[in-house]
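Down below is the structure, laid out as structure tokens.
Protein chains: 2
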Amino acid sequence: MDKFQPVERTLLPNKVAGVIMGRVRSGQLRPGDRLPPERELAQQMHVSRATLREALKVLRLFEIIDAVPNQGTVVKAPRQAVRDQWLAIAGHIDDEDPVEVLEVREALEAQAARLAAQRRTDEDLATLHQSLEALRAQVTAGLDSTQADIAFHHKLVRCAHNRLLLVSMAAVLRAMTGPIWQTLMSSLAGEPDDEVMRDYIEQHAAIDRAVAQLDADAAEAAVRAHLRITLDRLTRWDPPDARSEEEHA
Amino acid sequence: MDKFQPVERTLLPNKVAGVIMGRVRSGQLRPGDRLPPERELAQQMHVSRATLREALKVLRLFEIIDAVPNQGTVVKAPRQAVRDQWLAIAGHIDDEDPVEVLEVREALEAQAARLAAQRRTDEDLATLHQSLEALRAQVTAGLDSTQADIAFHHKLVRCAHNRLLLVSMAAVLRAMTGPIWQTLMSSLAGEPDDEVMRDYIEQHAAIDRAVAQLDADAAEAAVRAHLRITLDRLTRWDPPDARSEEEHA
DNA sequence: GTGTGTCCATTGGTCAGACCAACATACCGA
DNA sequence: TCGGTATGTTGGTCTGACCAATGGACACAC
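Chains as they are written, first to last, in our numbering: chain D, 929 to 1177; chain H, 929 to 1177.
Structure (structure tokens):
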């Protein structure tokens, strides 16, 4: 004989909330639509206003509706997720000040480095190593290393195990691939000096090392140092659109 | 002149839910404990039963409590479950992990603090001070400080003089303003004279101080400490004394 | 025309008190 | 011992009311 399951206790407010939510999901109620006044709606559904209000309370917690006195209860548009907002922001990045973009990137990547140093798995580490070696190979072969560079940083952010951070970084990185940036970068990069290239590799290696050793502070410092070099050159260069209120420090 | 922000509508049930949630979080109410009967509890808290029930409705959604007729309302909350439930509900709304959002915020705001400490003008500083005092006033008055808190952090980012950073931060902050966050935050608050509240103010004051002294490292550290503590208190539901099975994420 | 003040209807927020149904408990009788 | 029964407790629901904020209509002053 099977054991009997406890019968489900059907609570009225939940049912009411379900009905309303169903209308929203099915599109009968669209964002911006106003629900009938509570008194009226309660009457329509044959429940008391208290019961209806408990139902609305739930929907409000889920940010499906929003109620304001004397204006009624309206169906809210689902809030834009942060990652979607990044995409919107990224679309406008092109005409932003490159310094600003780099600073935001520094913010994200420094944090990513911290987290990576705390959370990286051994497989993460292997992948990161691999990217580093690929980068080294490109450089020593005298080939263009842009892709390998981006790949390395991408892998680094991956080690942080934070999807939002990843898409945020991706948005910023993508914004840095525009034509403006390419001319900018190439104008910043001097002759591919041997020593410069060794430094360049070493900076990446330092990041890799810090992450391997689970040293969050070192990882962040390494990332900052790496990006700061570009940033410094940029602030010193900067002529096309001279920023007025530059640093006071 | 700054634009005025909409003042926050303080709803009684949310506050009530916050108080009860705070008791659970602090260990004054432990799993298995029974709450007083609704009529009695409502009388104790000087709210109507309807209001109290809306609050309990929220707590039930979080699966913090469970109510069964003629048996009373009992605290469920087997530790970690509440946190998971929070993540599930918040995540269900916009498919985003609150912890991830917080980490991205930490990234942006830490950077903002660095830049602010380097670039803040005297007017910036005055504005920041003002926000700090407004926050202090709210707290000492025992009022809701959410708006003032957000305003302070917003002003801080403003001091960095980086528009991209500002809009990015705004996007992240927007994701932290829903009713769920509000309820959770209110469960963190204590009495105005409480040590918790003094620390809370002091953390903001430390940020303000570091920015005033042009100390980028200190500013970043202060911001990180503040956010770290908030996140920690937000996600830790074990009473401070009985912390046996720790997660090592 | 602009804007300011006043009144009024609407609407969500809150409250007080009541009844219902289910359940626990204790008591009762076979 | 065990089923039946009376009773009080408790959450679930309902009713009706008042409060406070708001938008709109309208009159009035500049």
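Glycine included, every Cβ here is placed at the ideal spot set by N, Cα and C.
Specify, as a first and last residue, the run of the alpha helix (DSSP H) that residue i falls within.
i: H:Thr1049; result: Taken as a continuous stretch (DSSP letters only), H:Thr1049 belongs to no alpha helix (DSSP H), as it is neither H nor E.
i: H:Asn1090; result: Careful: H:Asn1090 lies outside any alpha helix (DSSP H) and carries neither H nor E.
i: D:Met1125; result: Asp1122 to Ala1140
i: H:Leu1112; result: Pro1107 to Ser1114
i: H:Met949; result: Leu940 to Ser954
i: H:Ala1103; result: Careful: H:Ala1103 lies outside any alpha helix (DSSP H) and carries neither H nor E.
i: H:Arg937; result: No alpha helix (DSSP H) holds H:Arg937; DSSP gives it neither H nor E.
i: H:Leu1155; result: Ala1144 to Thr1163
Could you tell me the boundaries of the beta strand (DSSP E) in which residue i lies?
i: D:Val1002; result: Gly1000 to Val1003
Using only the alpha-carbon positions, how far apart do residue i and residue j sit?
i: D:Thr1163; j: D:Ala1038; result: 20 Å
i: H:Ala1069; j: H:Ala995; result: 34 Å
i: D:Ile1021; j: D:Met1097; result: 13 Å
i: H:Leu1155; j: H:Glu1034; result: 7 Å
i: H:Val1095; j: D:His974; result: 46 Å
i: H:Glu991; j: D:Gly955; result: 29 Å
i: H:Arg977; j: D:Ala978; result: 10 Å
i: H:Leu1116; j: D:Leu1159; result: 40 Å
i: H:Ala970; j: H:Met949; result: 15 Å
i: H:Ile993; j: H:Leu987; result: 6 Å
i: H:Ala1153; j: H:Asp1127; result: 11 Å
i: D:Asp1145; j: D:Glu1123; result: 26 Å
i: H:Glu1051; j: H:Arg951; result: 42 Å
i: D:Arg1171; j: D:Asp1025; result: Unreliable positioning characterises D:Arg1171 in this predicted model, as indicated by a pLDDT of 43, which lies under 50. A coordinate reading is not provided.
i: H:Cys1087; j: H:Glu1061; result: 17 Å
i: H:Ala1149; j: D:Leu1043; result: 16 Å
i: H:Ala1018; j: H:Leu1112; result: 11 Å
i: H:Asp961; j: D:Leu989; result: 26 Å
i: D:Ala1079; j: H:Gly1118; result: 47 Å
i: D:Arg1137; j: H:Arg1137; result: 35 Å
i: D:Glu936; j: H:Lys985; result: 18 Å
i: H:Gln999; j: H:Asp1023; result: 36 Å
I'd like the list of long-range same chain contacts for residue i, defined as Cβ closer than 7 Å, with 5 residues on each side in sequence excluded.
i: H:Lys1083; result: Thr1055, Leu1056 and Ser1059
i: D:Val1151; result: Glu1037, Ala1038, Ala1041 and Ile1135
i: H:Arg958; result: Val1003
i: H:His1176; result: Here H:His1176 scores only 36 on pLDDT, less than 50, and its place in the model is too uncertain to base an answer on.
i: H:Gln1110; result: Asn942 and Thr1074
i: D:Arg1064; result: Ile1129
i: D:Ala1147; result: Ala1041, Arg1042, Ala1044, Ala1045, Ile1135, Ala1138 and Val1139
i: H:Ala1133; result: Leu1060
Candidates the options: which alpha carbon is nearest residue i's?
i: D:Val1032; options: D:Ala1009, D:Leu1093 and D:Val1067; result: D:Leu1093
i: H:Thr938; options: D:Val1124, D:Pro997, D:Met1125 and D:Lys943; result: D:Pro997
i: D:Pro965; options: D:Gln956, D:Leu1036 and D:Arg981; result: D:Arg981
i: H:Gln1131; options: H:Leu969, H:Asp1072, H:Gly946 and H:Asp1077; result: H:Asp1077
i: D:Asp1143; options: D:Met1104, D:Glu1123, D:Arg1126 and D:Gln1046; result: D:Gln1046
i: H:Ile1157; options: H:Met1125, H:Gln999 and H:Arg1086; result: H:Met1125
i: H:Val1027; options: D:Thr1049, D:Arg1091 and D:Leu1030; result: D:Arg1091
i: D:Val1010; options: H:Met1104, H:Asp1072 and H:Glu1148; result: H:Met1104
i: D:Trp1014; options: H:Met1113, H:Leu1015, H:Val1100 and H:Gly1106; result: H:Val1100
i: H:Thr1049; options: H:Ile1017, H:Val1085 and H:Val1067; result: H:Val1085
i: H:Gly1106; options: D:Asp961, D:Glu936, D:Gln999 and D:Arg1007; result: D:Arg1007
i: H:Ala1016; options: H:Lys985, H:Phe1080 and H:Ile1108; result: H:Ile1108
For residue i, which residues of its own chain have a beta-carbon under 8 Å away from its beta-carbon, when the five flanking residues on both sides are left out?
i: D:Gly946; result: none
i: D:Val1029; result: Ile1021, Val1100, Ala1103 and Met1104
i: D:Asp1072; result: Gln1066
i: D:Gln972; result: Pro964
i: D:Arg967; result: Arg977
Cutting at 6 Å between CB atoms, please list the residues of its own chain near residue i, excluding the five before and the five after it.
i: H:Ala983; result: Pro941, Val944 and Ala945
i: D:His1089; result: Arg1047
i: D:Thr1001; result: Leu963, Ile993 and Ala995
i: D:Ala1140; result: Leu1053
i: H:Pro1168; result: Residue placement at H:Pro1168 cannot be trusted, given a pLDDT of 49 that sits under 50; what the coordinates show is reported in the next sentence. Nothing listed; no residue qualifies.
i: H:Arg1161; result: Leu1116
i: D:Ala1005; result: Pro959
i: H:His1081; result: none
i: H:Asp1012; result: none
Self-check item: Every unbroken beta strand (DSSP E) inside the region 957-1041 of chain H [3 residues or more]
Solution: Listed in chain order, they are 993-996 and 1000-1003.
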